[in-house]
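This report concerns only the one structure given below.
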Amino acid sequence: MRAVRATFCKPGQRTEAVQLRKTALLRFMATLVVLFVVTSAMMTALAYRTAALYTQDQIRAIIVADLSGMADLWQRLGPAGLKGAIEARQQAPVPRRLYLLVSADGEKITGDFDFWPNNLAKDQAWTHFDHAGEGYDGLSTHFADGSRLMIAHHRSVHEAMLRGLSADLIGPALLGLLAAGLASLVILGKLFRRIDRINDTCRAVAAGDLAARVPLDARADEFRELGSNVNTMLDRIDVLMRGVRTLSDALAHEMRTPIAHLRAGLDRAAREIETAPPDQPVREKAAAALADGVREADGVITLFTALLDIAATEAAEGSPENLVPLDMADLVHQAVNLYEGVAEDRGIQLAISADPAPILGEKHLLVRFLANLLDNALKFSPKGKAVSITCGFVDQAGFLTLSDQGPGMPEAFRDRAFERFARAADAKTTPGHGLGLSLVWAIARRHRIAISLHDGAPGLRVEACWPLP
Amino acid sequence: MADPDGASRAIRALIIEDDPVMAQHIAALLPPLGVAPDRVAEGAEGLKAAARGYDLLIIDRMLPGLDGLDIVARLRSLEIETPVLIVSALGRSSNAVEGLERGADDYISKPFSDDEFQARVRALLRRARREPSPDILLVEDLEIRIKARTVHRAGQHLALSPKEFELLNCLAEHAGSVVPRVLLLERVWNLRFDPQTNVVDVHVSRLRGKLDEGFPTRLIHNARGEGYILQARPAD
Numbered sequence: 000m001r002a003v004r005a006t007f008c009k010p011g012q013r014t015e016a017v018q019l020r021k022t023a024l025l026r027f028m029a030t031l032v033v034l035f036v037v038t039s040a041m042m043t044a045l046a047y048r049t050a051a052l053y054t055q056d057q058i059r060a061i062i063v064a065d066l067s068g069m070a071d072l073w074q075r076l077g078p079a080g081l082k083g084a085i086e087a088r089q090q091a092p093v094p095r096r097l098y099l100l101v102s103a104d105g106e107k108i109t110g111d112f113d114f115w116p117n118n119l120a121k122d123q124a125w126t127h128f129d130h131a132g133e134g135y136d137g138l139s140t141h142f143a144d145g146s147r148l149m150i151a152h153h154r155s156v157h158e159a160m161l162r163g164l165s166a167d168l169i170g171p172a173l174l175g176l177l178a179a180g181l182a183s184l185v186i187l188g189k190l191f192r193r194i195d196r197i198n199d200t201c202r203a204v205a206a207g208d209l210a211a212r213v214p215l216d217a218r219a220d221e222f223r224e225l226g227s228n229v230n231t232m233l234d235r236i237d238v239l240m241r242g243v244r245t246l247s248d249a250l251a252h253e254m255r256t257p258i259a260h261l262r263a264g265l266d267r268a269a270r271e272i273e274t275a276p277p278d279q280p281v282r283e284k285a286a287a288a289l290a291d292g293v294r295e296a297d298g299v300i301t302l303f304t305a306l307l308d309i310a311a312t313e314a315a316e317g318s319p320e321n322l323v324p325l326d327m328a329d330l331v332h333q334a335v336n337l338y339e340g341v342a343e344d345r346g347i348q349l350a351i352s353a354d355p356a357p358i359l360g361e362k363h364l365l366v367r368f369l370a371n372l373l374d375n376a377l378k379f380s381p382k383g384k385a386v387s388i389t390c391g392f393v394d395q396a397g398f399l400t401l402s403d404q405g406p407g408m409p410e411a412f413r414d415r416a417f418e419r420f421a422r423a424a425d426a427k428t429t430p431g432h433g434l435g436l437s438l439v440w441a442i443a444r445r446h447r448i449a450i451s452l453h454d455g456a457p458g459l460r461v462e463a464c465w466p467l468p
Numbered sequence: 000m001a002d003p004d005g006a007s008r009a010i011r012a013l014i015i016e017d018d019p020v021m022a023q024h025i026a027a028l029l030p031p032l033g034v035a036p037d038r039v040a041e042g043a044e045g046l047k048a049a050a051r052g053y054d055l056l057i058i059d060r061m062l063p064g065l066d067g068l069d070i071v072a073r074l075r076s077l078e079i080e081t082p083v084l085i086v087s088a089l090g091r092s093s094n095a096v097e098g099l100e101r102g103a104d105d106y107i108s109k110p111f112s113d114d115e116f117q118a119r120v121r122a123l124l125r126r127a128r129r130e131p132s133p134d135i136l137l138v139e140d141l142e143i144r145i146k147a148r149t150v151h152r153a154g155q156h157l158a159l160s161p162k163e164f165e166l167l168n169c170l171a172e173h174a175g176s177v178v179p180r181v182l183l184l185e186r187v188w189n190l191r192f193d194p195q196t197n198v199v200d201v202h203v204s205r206l207r208g209k210l211d212e213g214f215p216t217r218l219i220h221n222a223r224g225e226g227y228i229l230q231a232r233p234a235d
């Protein structure tokens with residue numbers, strides 16, 4: 000239901016369409032933000048862990064050094080000296096290291112603790128222990144007389160250091176998050192606005208304003224490209240629409256005349272038969288009127304067939320179906336073969352210079368392409384002049400040139416000559432329905448032939464070229 | 000080469016066509032050729048009937064819910080080789096090519112002239128009778144040797160170009176009947192379109208010049224409509 004309504008997006012359903020669309024962008028942005036949060040949290044955790052290990056190492060290194068210093072003192076000054084040194088260090092400001100010196104039988108000699116923690120490992124192994132409800136981290140050693148020394152630090156020293164560190168880490172992380180969020184909002188807003196502009200244009204066109212175009216940004220980026228592609232597409236649709244409209248107008252117009260003649264012929268035949276006196280033979284007149292009718296009907300059929308052929312050829316544009324390797328030179332000879340009698344009758348000389356010119360094509364279409372061009376050239380050529388055809392290939396392109404020495408084509412008409420029913424004003428008296436060159440154009444497109452008309456001074460020169468297969 | 004003689008055995012044709020007007024029109028064109036028509040308006044029924052030993056099948060391309068070419072394909076897969084003429088409203092030359100590739104023997108586009116239809120049917124029937132194609136065609140005082148590609152009129156040799164020979168050959172095969180221009184274009188030039196300029200006319204008039212010049216009777220005539228006919232008529 001939802002999809003159906005979204006497809007037939009009418010102005011009344013605009014809100015829903017907007018919500019649907021913005022959800023997509025928001026989801027995208029939200030995903031980005033979540034990703035950002037997760038990665039920065041992971042990075043912070045990693046930094047925290049590294050820092051925690053480092054601070055602990057620092058604290059422990061000091062205690063280890065202190066312990067060996069104390070061992071030195073005991074060596075040099077004996078138990079009394081050591082006791083003095085410990086008591087001196089107890090005067091240091093908090094937080095400081097904590098000491099406990101006990102005799103060989105476990106009696107406290109001096110220090111911060113009252114008794115030796117019972118879980119304390121023997122010498123050189125770090126131990127966590129609790130004392131009077133507080134947590135400590137300690138290391139011990141023993142001396143030659145059996146007395147033992149422990150140096151510890153209150154766990155809070157390490158934790159305090161880490162707390163400071165966390166504040167330092169989390170602050171920037173939160174700031175970064177805030178910045179990312181703000182940036183997302185700004186970018187989202189911009190994206191929304193640019194997509195809105197394209198959507199507005201599409202909606203306007205869908206609502207019937209075919210002239211609407213996407214306003215293009217100055218910056219060359221993907222959105223400008225999208226907008227420009229949409230505009231190109233709309234231009235093409237516009238051209239096609241106008242073509243269809245012109246064609247149907249022209250078709251209605253072109254059909255009226257032969258159908259009117261057909262109707263008149265039938266009327267005439269009916270009248271001849273009805274009004275003839277009973278004893279008089281009407282055969283001949285009626286038959287002539289009917290024959291006229293048949294000829295006009297044939298004219299209509301020819302017109303329709305030509306239009307169908309053009310349409311079918313256009314529809315096949317770009318399809319590789321039925322395309323086979325051919326040589327344009329063979330086809331030229333075939334077309335010339337068909338027309339040489341006509342040319343001779345009209346006293347027109349055909350000058351052929353056909354070198355091999357490979358092309359991938361539909362044979363019957365290409366023969367027709369050549370026949371139509373040749374037909375045109377002969378139709379407009381004055382007696383005694385020449386029509387020349389050349390084909391061959393240079394580099395990677397095949398070419399075909401066909402020139403006549405007729406009156407040529409006015410420049411203004413050359414642009415429209417390939418349109419359906421286009422006929423030069425002074426050609427109205429020459430037979431033809433104005434579809435010959437349209438078919439030529441359609442066949443050319445089917446075969447990726449670029450065809451153009453030029454002033455042959457005198458006459459018309461048709462140039463065609465195509466990529467070699 | 001007159002109309003096939005119906006005395007030995009009646010020649011029967013089946014028309015599979017759903018449009019009653021067209022079916023009736025086609026049916027009326029067959030008896031003058033000595034062919035007795037049967038009519039079926041529906042594809043499946045037509046396929047069944049077609050297996051019953053007809054001499055010719057005339058099948059509409061666009062039957063309701065069925066492509067006439069599918070009938071042809073079915074028949075051919077059953078090894079029924081009855082000649083088929085496809086009648087189609089799809090008038091493009093690529094359609095005709097497709098029709099012939101899929102087993103039809105000939106293809107005619109609606110709308111067509113009666114002459115064209117009859118000429119095509121005549122040609123199909125001649126082929127179907129599997130007559131060994133004659134080496135010599137005789138029309139009046141004209142003698143055409145197909146293999147040697149020579150033509151004599153009243154014993155006098157006529158020098159024809161290859162295209163002129165083929166043109167004459169095609170007219171002679173249909174001697175006494177109208178051969179429409181489109182059929183000549185198709186058989187002689189292998190073209191399935193009618194050029195704007197009447198190119199056939201030019202070739203025919205050249206042939207006529209060589210054939211009829213200096214003889215009391217003329218053999219090639221323009222027929223009503225768009226065609227030609229080969230038969231003896233006194234020169235005007």
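Protein chains in written order, with numbering that gives the first Met the number 0: chain S, 0 to 468; chain B, 0 to 235.
Using N, Cα and C, we set each Cβ at its ideal position, and we do this for glycine too.
C-alpha gap between residue i and residue j, whole angstroms
i        : j        : result
GLU273/S : ALA43/B  : 45 Å
ARG38/B  : ILE450/S : 50 Å
LEU119/S : HIS127/S : 8 Å
SER132/B : GLU165/B : 15 Å
ILE237/B : THR149/B : Any question about residue 237/B goes unanswered here, given that chain B covers just 0 to 235.
GLN78/S  : ASP56/S  : The identity of residue 78/S in the sequence shown is Pro, whereas the question assumes Gln. Distance between the alpha carbons of PRO78/S and ASP56/S is about 29 Å.
ALA9/B   : ASP54/B  : 9 Å
ALA269/S : ALA285/S : 7 Å
HIS252/S : ALA416/S : 18 Å
ARG11/B  : GLY52/B  : 9 Å
GLU16/B  : ASP59/B  : 5 Å
SER302/S : PRO36/B  : A small correction: the amino acid at residue 302/S is Leu; Ser does not occupy that position in the sequence shown. Each residue's alpha carbon lies about 33 Å from the other.
GLY298/S : HIS432/S : 9 Å
ARG218/S : LEU34/S  : 29 Å
Proximity test, Cβ basis, 9 Å: residue i and chain S
i        : result
GLN195/B : yes
HIS202/B : yes
SER248/B : Limits of chain B in this structure are 0 at one end and 235 at the other, which puts residue 248/B out of reach.
LYS209/B : no
GLU225/B : yes
Close-in-space but distant-in-sequence residues of the same chain around residue i (CB under 8 Å, 5 per side omitted)
i        : result
GLU185/B : ARG191
ASP134/B : ARG144, ILE145, LYS146
ILE219/B : LEU170, VAL203, LEU206, ARG207, LEU210, ASP211, TYR227, ILE228, LEU229
Any non-hydrogen atom of the ligand MG within 8 Å of residue i CB
i        : result
THR274/S : Absent from the structure shown: the ligand MG. Ligands present: none.
Closer than 9 Å to chain B by CB, residue i
i        : result
GLY435/S : yes
LEU330/S : no
ASP291/S : no
ALA285/S : no
ILE300/S : yes
ALA370/S : yes
ASP297/S : yes
LEU377/S : yes
LEU349/S : no
THR256/S : no
ASN336/S : yes
VAL341/S : yes
ASP374/S : yes
Beta-carbon contacts of residue i that lie in its chain and below 6 Å, excluding the five residues immediately before and after
i        : result
PHE368/S : VAL439, ILE442
LYS9/S   : Note that LYS9/S scores a pLDDT of 42, beneath 50, so its modelled location is shaky and nothing firm can be said.
PHE142/S : TRP73
Beta-carbon proximity list for residue i, same chain, < 7 Å, skipping 5 on both sides
i        : result
GLY226/B : ASP114, VAL177, VAL178, PRO179, ARG180
LEU168/S : THR43, ALA46, TYR47
LEU100/S : LEU81, LYS82, ILE85, ILE108, THR109, GLY110, SER146, LEU148
GLY407/S : ASP454, GLY455, PRO457, GLY458, LEU459
Within-9 Å CB hit, residue i to chain D
i       : result
PRO63/B : Judged by its chain identifiers, the structure shown contains no chain D, and its protein chains are S and B.
### Task
Check each residue of the region 355-366 of chain S: if its Cβ is closer than 8 Å to any Cβ of chain B, include it; give the result in chain order.
Sequence-ordered contacts of the region 355-366 of chain S with chain B read GLU361, HIS363, VAL366 [C-beta pairs closer than 8 Å].
### Task
With a floor of 3 residues, list each beta strand (DSSP E) that falls wholly inside the region 305-329 of chain S, ordered by position along the chain.
Listed in chain order, the complete beta strand (DSSP E) runs (minimum 3 residues) inside the region 305-329 of chain S are 323-326.
### Query
Along the region 176-195 of chain B, what residues have a CB closer than 8 Å to any CB found in chain S?
Against chain S - using a Cβ distance shorter than 8 Å - the residues of the region 176-195 of chain B are TRP188, LEU190, ARG191, PHE192, ASP193, PRO194, GLN195.
#### Entry: Completely contained beta strand (DSSP E) runs for the region 71-147 of chain B, where each covers 3 or more residues
Under the rule that a run must span 3 or more residues, the beta strand (DSSP E) segments found entirely inside the region 71-147 of chain B read 83-87, 105-108, 135-138, 141-144.
### Message
For a minimum of 3 consecutive residues, which ranges assigned as the beta strand (DSSP E) are wholly contained in the region 120-147 of chain S?
### Response
Within the region 120-147 of chain S, the runs of beta strand (DSSP E) that reach at least 3 residues and sit entirely inside it are, in chain order, 126-130, 133-141.
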